[in-house]
Amino acid sequence: MRKILVTGGLGQIGSELISHMANLYGKDNIVATDVSDANVAAIGDIQFEKLDVTDGESFRRLVEKHKVNTIVHLAAILSARGETMPQTTWGINMGGLYNALEVARVTDASVFVPSSIAVFGKNFPLDNTPQDTVLQPTTMYGVTKVAGETLCNYYFDKYGVDTRGVRYPGIISYKTLPGAGTTDYAVHVYYEAVKNGHYDSYIDQGTYMDMVYMPDALRAVTELMEANPEKLVHRNAFNIASMSLEPSMFEKSIQKVMPEFTLGYDVDPVRQAIAESWPNSLDDSCAREEWGWKPEYDLDAMTVDMIENLQKKLK
Ligand code: NAD
Ligand code: AKB
């Protein structure tokens, strides 16, 4: 049976992944950790410990104390915030990942680490971006994701640590707000639709990026963690795709449920430049072939679910 420790567990993904994994593996087999306990209510009665992932000694002690055999390493600084403090972003993203891998090496644990579409940047095909292509990111966040994928592969090749990961697109969800990335507009548009009936997008019309709805993003973690290792040609990290979207597609989809909704534009040059450096759409055929990745939600199904849940949450 798995005993799983999650770092950065109170963020956008962790706050939902923890319940998803508690349902699959039993709540006593999950230990949530984060540097801050501000959002601890989001995980209900799952056991929680404070952990700063840059503190390798405390990291190892917690893994040993709870007899953990699987580390899901989510702690990171995302793209837009990362550009306001590149040095700190390197320190947390790479220092934290190095500690996760070293703790896994000495305790014989396996590791799941999400990468991102931020690994791409320059000199790659924007449409149907292949699994294996040029990785020249333009953000510090992307630099840490490329270095992180490489380091995870190194620990597998050199030490046999079972490292696996996906390159997440922008994740859309209603439970916990995203942590200052470039794709966050795709979450904010739903919050503002429900609160005010209007949203000004900081990403320009016609700028496509891949997005995935949270329930599919959660399944990706546990399906890849449980995949037959003999079938995995790639490990760190798989392109996964679901929907290639630009802002006016959200406008039209939301208007099917809320006809009075309007969308405007107030473009932020920094996040716009990052968005333009990322793929329009990913080729995820390796994930489909090697471990059976298959998203379930399309844009309109996600819109109905987001609005229904935000109407309950924000009333
Ligand atoms: P988030 O910002 O919502 O959560 C990150 C969590 O890490 C926060 O709760 C924060 O408190 C914690 N953290 C920050 N510094 C820490 C430290 N020093 N020690 C311990 N915890 C620390 O991010 P998320 O969206 O949940 O992302 C989780 C992972 O998934 C990250 O690696 C991110 O790069 C990746 N990812 C996310 C998306 C997305 O759209 N959400 C897309 C691609 C990849
Ligand atoms: C971000 O925009 O930084 C994240 C990501 C795609 O990695 N959502």
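Residues in the sequence shown are numbered consecutively from 299, following the working numbering. The beta-carbon is built from N, C-alpha and C at its ideal position, and this holds for glycine as well.
Inspect the beta-carbon positions of residue 447 and residue 535 and report whether they are closer than 7 Å. Cβ atoms of residue 447 and residue 535: closer than 7 Å.
Leaving aside the five residues before and after residue 484 along the sequence, list all residues of the same chain whose C-beta is less than 6 Å from its C-beta, in chain order. Cβ neighbours of residue 484 within its own chain (closer than 6 Å, five residues either side excluded): 468, 470 and 509.
In the DSSP assignment, what are the bridge partners of residue 345? In the DSSP output, where bridge partners are listed per residue, residue 345 has 329.
What's the C-alpha gap between residue 491 and residue 528? Distance between the alpha carbons of residue 491 and residue 528 is about 46 Å.
Cβ shell of residue 378 (< 8 Å), same chain only, five flanking positions each side left out: Within the same chain, Cβ atoms closer than 8 Å to the Cβ of residue 378 are found at 478, 479, 480, 482, 568, 569 and 572, the five residues on either side in sequence being excluded.
Going residue by residue through the segment 451-500, where are the continuous alpha helix (DSSP H) segments of at least 4 residues, counting only ones entirely within it? 483-494, all fully within the segment 451-500.
Contact set, the ligand AKB heavy atom to C-beta under 7 Å: Residues with a Cβ closer than 7 Å to any heavy atom of the ligand AKB, in chain order: 376, 377, 378, 414, 415, 416, 439, 466, 467, 468, 469, 476, 479, 480, 481 and 482.
Pull up the distance between the alpha-carbon of residue 551 and that of residue 608, whole angstroms please. Cα to Cα, the separation comes out at about 16 Å.
Check whether the Cβ atoms of residue 300 and residue 368 lie closer than 7 Å to each other. For residue 300 and residue 368, yes; Cβs fall inside 7 Å.
How would you write the range of the beta strand (DSSP E) that residue 369 sits in, first residue to last? Boundaries of the beta strand (DSSP E) around residue 369: 368-371.
Excluding the 5 residues flanking residue 333 on each side, which residues of the same chain have their C-beta closer than 6 Å to its C-beta? In its chain, beyond the 5 residues on either side, 350 have a beta carbon closer than 6 Å to the beta carbon of residue 333.
Hey, could you find the ends of the beta strand (DSSP E) residue 410 is sitting in? Unbroken beta strand (DSSP E) run through residue 410: 408-410.
How big is the Cα-Cα spacing for residue 328 and residue 546? Each residue's Cα considered, the two are about 40 Å apart.
Does the beta-carbon of residue 315, which I'm using as the reference point, lie nearer than 6 Å to any heavy atom of the ligand NAD? Taking non-hydrogen atoms of the ligand NAD into account, the C-beta of residue 315 is found less than 6 Å away from none of them.
Quick check on DSSP: helix, strand or coil for residue 562? Strand, per DSSP.
Taking the beta carbon of residue 587 as the centre, do at least 16 other beta carbons fall within 10 Å, making it buried, or is it exposed? In the assembly as shown, residue 587 is an exposed residue. Its beta-carbon has fewer than 16 other beta-carbons within 10 Å.
Three CB pairs or more closer than 8 Å across the segment 395-405 and the segment 353-372: Taking 8 Å as the limit for Cβ pairs, the verdict is that the segment 353-372 does touch the segment 395-405.
Delimiting residues of the beta strand (DSSP E) encompassing residue 543: Unbroken beta strand (DSSP E) run through residue 543: 541-543.
Taking one C-beta from the segment 511-526 and one from the segment 417-425 each time, how about it: are there three or more such pairs within less than 8 Å? Because the criterion of three Cβ pairs below 8 Å is not met, the segment 511-526 and the segment 417-425 do not touch.
Please look up how many angstroms separate the CB atoms of residue 304 and residue 315, rounded, as I've assumed it's under 8 Å. 7 Å between Cβ atoms; contact.
Kindly identify the DSSP beta-bridge partner or partners of residue 508. Per DSSP, 542.
Residue 421, buried or exposed, once every other Cβ within 10 Å from all chains shown has been counted against 16: The residue is exposed, with fewer than 16 neighbouring Cβ atoms inside 10 Å.
Where residue 422 falls: helix, strand or coil (DSSP): Of the three classes helix, strand and coil, the one that applies to residue 422 here is coil, per DSSP.
Can you give the beta carbon distance from residue 302 to residue 361, rounded, assuming they're within the 8 Å contact cut? Cβ-Cβ separation between residue 302 and residue 361: approximately 11 Å, too far for a contact (criterion under 8 Å).
On the premise that residue 544 lies in contact with residue 590, defined as a C-beta separation below 8 Å, what is that separation, rounded to the nearest angstrom? That pair is no contact at about 29 Å.
Flag residue 685 as yes when its Cβ comes closer than 6 Å to any non-hydrogen atom of the ligand NAD, and as no otherwise. The question about residue 685 has no answer here: the residues shown for the chain are numbered 299 through 613.
Closer than 6 Å to a non-hydrogen atom of the ligand NAD - does that hold for the CB of residue 335? Within 6 Å of the C-beta of residue 335 there is not a single heavy atom belonging to the ligand NAD.
One question on the structure: do residue 548 and residue 487 come within less than 7 Å of each other, judged by their Cβ atoms? Judged by their CB atoms, residue 548 and residue 487 are nearer to each other than the 7 Å cut-off.
Looking at residue 538 and the ligand NAD, is the gap between the Cβ and the nearest heavy atom below 6 Å? It does not: the Cβ of residue 538 is nowhere closer than 6 Å to a heavy atom of the ligand NAD.
Looking at residue 466 and residue 414, is the spacing between their C-beta atoms short of 7 Å? If you check the CB distance, residue 414 and residue 466 come in under 7 Å.
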